[in-house]
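In what follows, a single structure is set out as structure tokens and then discussed.
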């Protein structure tokens, strides 16, 4: 299951916004493209359908959508037929949606859809097929790929009953893409964002990168937020012939599910949101939550080191953390030598540590990296990890970096008010002296990104929707349990399944207890009792 790493990934996604310099197209050639994006094997947005889809566009007949849209101008989109074509052992199709729902007669975008047909012969041949639409999170992760590997993610019972339908959200994968400059071979920015000069430089770099993305992508760039994807999801529901949407969303896909339920409550069928993102939290809330989490992880790493013989960190855990921070400060003045001669600054060491803090086996690697610096004055381990995080300019990786930043900035609007940014930097640094300065990238990177000015984070009640099943692990560091509790409080009708342990995304085939509870709801509509837990 794809993970949403809000700040290993968010920081790296924002770093992509700050790394823009040379522009690379899908074949690695320097240059920029026109507003519709470059052509590629996956395809690019076409202007041929600018007037909206016509019957039979992109395939052969399928089921007509049963629910008319509230806006008659969208009728052609809701009435379109999906033309399914063979796709390995499954079926694929394209859905056409407006780039801007406020102007449905303008440009259109293509949404790639894949269907793993129900394995039950009765279900697979029924004229009224049940579809479970799925989204793996990201943002920017392919739902088409999730459907292609449905057996890895969903139980035999679910796959017997449902067509598992995945789609690549706008900007992602085989759908109309976001194009941005490649950050390949540019190294990691090394700016002190606790200073006004550092923030000003970062803002300028982020603005230049955003301008380049806009020139390459065109109007789609300002319409890749999750609110737009939720509207695409309702068009897909209609094209699949579903009166109501049955949906499974994991990690960042839970935010999509929540926004869909808020926008289309009467069309919510059975919805499961696993590893929940709180739709009401701001970028500041997000960074502060992860500042606390990262500081906790660092203390755990220091304790792990001190429990082993020969640890260079002495005294108490507080003493050990202070020694790490002193090393970081010294490395910012004089970079730690590395085998390749490039060196490692303190800020770069913190970025590597933030990434490792999100990895299942990252603590041991972080201990090894810190020990190498403190004992041997050698930053090679953390430098190598940092290099492994940087995209290397392939077609898919360039798209992934661009769409992550675009979606993140659309969903977490920020601004460049200098006093506010200074206040955030000070608050984060006080909360987490080790990681706070790094996390300011979240605010700065999105401050000048093009976005819908009306976009704002807000609580989601989804009044009138059917009950939503929330699944959350108490020890999940990626999407903390408190976020699920917050959404449970916001929703008018929901049930929270609490799972023990630290697994990020709890549902999987054969998962003890969890798979039984989720399958019972999706297949039979049976919710767990209030306060239900799984070990």
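In my numbering, the protein residues as written are 67 to 601.
Every residue gets a Cβ at the ideal spot worked out from N, C-alpha and C, and that includes glycine.
Because the structure is a prediction, the values reported are computed rather than measured.
Asked                                                                                                                                                                           : Found
Can you list, in chain order, the residues of its chain whose CB lies under 7 Å from that of residue 385, leaving out five sequence neighbours each side?                       : none
Residue 236: buried (16+ other C-beta within 10 angstroms of its C-beta) or exposed?                                                                                            : buried
Using a 10 Å radius around the Cβ and a threshold of 16 neighbouring Cβ atoms, would you call residue 449 buried or exposed?                                                    : buried
Let's test the definition: count the other Cβ atoms within 10 Å of the Cβ of residue 332 and tell me whether it reaches 16, buried, or not, exposed.                            : exposed
May I have a chain-ordered list of the beta strand (DSSP E) segments no shorter than 3 residues that lie completely inside the segment 385 to 431?                              : none
Quick one: using the 10 Å Cβ neighbour count with 16 as the cut-off for buried, is residue 529 buried or exposed?                                                               : exposed
Could you tell me which whole beta strand (DSSP E) segments of length 3 or greater appear in the segment 184 to 264?                                                            : 197 to 201, 229 to 233
Using a Cβ distance threshold of 8 Å, determine whether the segment 488 to 507 contacts the segment 353 to 370, with at least three qualifying pairs required.                  : yes
Would you mind reading off the limits of the alpha helix (DSSP H) that contains residue 349?                                                                                    : 349 to 372
Starting from residue 555, follow the alpha helix (DSSP H) in both directions and report where the run begins and ends.                                                         : 547 to 556
Excluding the 5 residues preceding and the 5 following residue 349 in the sequence, name in chain order all residues of the same chain whose CB lies nearer than 6 Å to its CB. : 478, 480, 508, 509
For residue 394, tell me which candidate among 416, 289, 166 has the shortest Cα-Cα distance.                                                                                   : 416
Taking its Cβ as the centre, do 16 or more other Cβ atoms sit within 10 Å of residue 581, making it buried, or is it exposed?                                                   : buried
Buried or exposed for residue 178, going by 16 or more other Cβ atoms inside 10 Å?                                                                                              : buried
Since residue 617 and residue 291 are thought to touch, with beta carbons under 8 Å apart, how far apart are those beta carbons, to the nearest angstrom?                       : Given a span of 67 to 601 for the chain in the structure shown, any question on residue 617 remains unanswerable.
Between residue 296 and residue 571, is the Cβ-Cβ spacing less than 7 Å?                                                                                                        : no
What first and last residue would you give for the alpha helix (DSSP H) that runs through residue 578?                                                                          : No alpha helix (DSSP H) contains residue 578, which DSSP labels as neither H nor E.
Counting C-beta neighbours from all protein chains within 10 Å, is the total for residue 430 16 or more, i.e. buried, or is it exposed?                                         : exposed
Could you work out which residue in 272, 563, 444 is closest to residue 534 when comparing CA atoms only?                                                                       : 563
Sort out for me which residues DSSP pairs residue 563 with in a bridge.                                                                                                         : 537
Apply the 10 Å Cβ neighbour rule to residue 359 and answer buried if 16 or more other Cβ atoms are within range, or exposed otherwise.                                          : buried
Could you please give the first and the last residue of the uninterrupted alpha helix (DSSP H) stretch that includes residue 598?                                               : Taken as a continuous stretch (DSSP letters only), residue 598 belongs to no alpha helix (DSSP H), as it is neither H nor E.
Report the rounded CA-to-CA distance for residue 601 versus residue 309, giving the unit in angstroms.                                                                          : 35 Å
To the nearest whole angstrom, what separates the beta carbons of residue 312 and residue 335, a pair I think is in contact under 8 Å?                                          : 4 Å
Pick out whichever of 427, 267, 560 has its Cα sitting closest to the Cα of residue 595.                                                                                        : 560
Tell me, to the nearest whole angstrom, how far the beta carbon of residue 376 is from that of residue 201; I am working on the premise that it is less than 8 Å.               : That belief does not hold up - the Cβ atoms of residue 376 and residue 201 are roughly 47 Å apart, past 8 Å.
Would you tell me roughly how many angstroms separate the C-alpha atoms of residue 271 and residue 566, rounded to the nearest one?                                             : 43 Å
What are the start and end residues of the alpha helix (DSSP H) that includes residue 297?                                                                                      : 292 to 305
Counting only C-beta atoms, is residue 348 closer than 7 Å to chain C at any point?                                                                                             : You won't find chain C in this structure, because it holds only one protein chain.
Beta strand (DSSP E) containing residue 161: first to last residue?                                                                                                             : 156 to 164
Tell me the rounded alpha-carbon separation between residue 221 and residue 543.                                                                                                : 25 Å
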